[in-house]
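The structure under discussion appears below in the form of structure tokens.
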Amino acid sequence: MSDCIVVVNFKTYQAAHGASAEELARVMSGIDTEARLVAAVSALDLSAVVAAAPDLEIWCQHLDPVGFGSNTGWLHPETAIERGASGTLINHAEHKVSIEHVAMLLDQVPEGFEVCACAADVDEAMALAALVPNYVAVEPPELIGGEVSVTSADPGIVSGTAAAVREVSEEVGNPVRGRCKDRRRRGQGD
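Under my numbering, think of the first position of the sequence shown as 33, with each following residue one higher.
Structure (structure tokens):
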């Protein structure tokens, strides 16, 4: 498995929803690369994109830590998994949630379901890393959706965040170790 992962967030762009999302996923699945390619798609497009590009890794753009029941408008993890999602983004700058929301989602999703927690800065990245998601992504909110990448605007934020996250947990971003089953990682005992 490649150490390099490229997550393409389809957001809600007109060119990346509905039939366009399906076509974009097919194009992604045809790219010859050593990197892991992941499409992060709208919950509304999930099933269709999975069917259109069955060999491509498909994640949700967001999920909520809810079970079956009265949860109108919330995105249920088990349903996403049933529809073919193998992971999710959480806490994206365009859909912020509390640290408790992230922790509850991590507790709910099964082993092997990947979670990329998004952070606006090093401090938030460290707080999220303490929860031990599979990955922590950092991007200052002012750069979201812009023409300038975080590595161009401030390359030090990526390397600094990676170092800070490793200080908190060596498991985050480590494809071999993945998420630990030991709930003590979240401060629930010694």
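Built from N, CA and C at the ideal position, the CB exists for glycine as well.
- The Cβ atoms of M60 and L78 do not sit closer than 8 Å to each other.
- In the three-state reduction of the DSSP assignment, I131 falls in the helix class, which pools H, G and I.
- In the DSSP assignment, T120 falls within the beta strand (DSSP E) that extends over 119-122.
- Taking all protein chains in view, the Cβ of Y167 is crowded by 16 or more other Cβ atoms within 10 Å, so the residue is classified as buried.
- Residue pairing for I37: DSSP places it in a beta bridge opposite R68.
- Residue state for E114 is assigned as helix, using DSSP reduced to three classes.
- D64 and A51 have their C-alpha atoms spaced approximately 23 Å apart.
- A contact between stretches requires three or more CB pairs, one per stretch, nearer than 8 Å, and the region 135-142 meets this requirement with the region 92-102.
- The three-state reading of DSSP puts I63 in coil, since its state is none of H, G, I, E or B.
- With respect to A151, P165 sits apart: the two C-beta atoms are not nearer than 8 Å.
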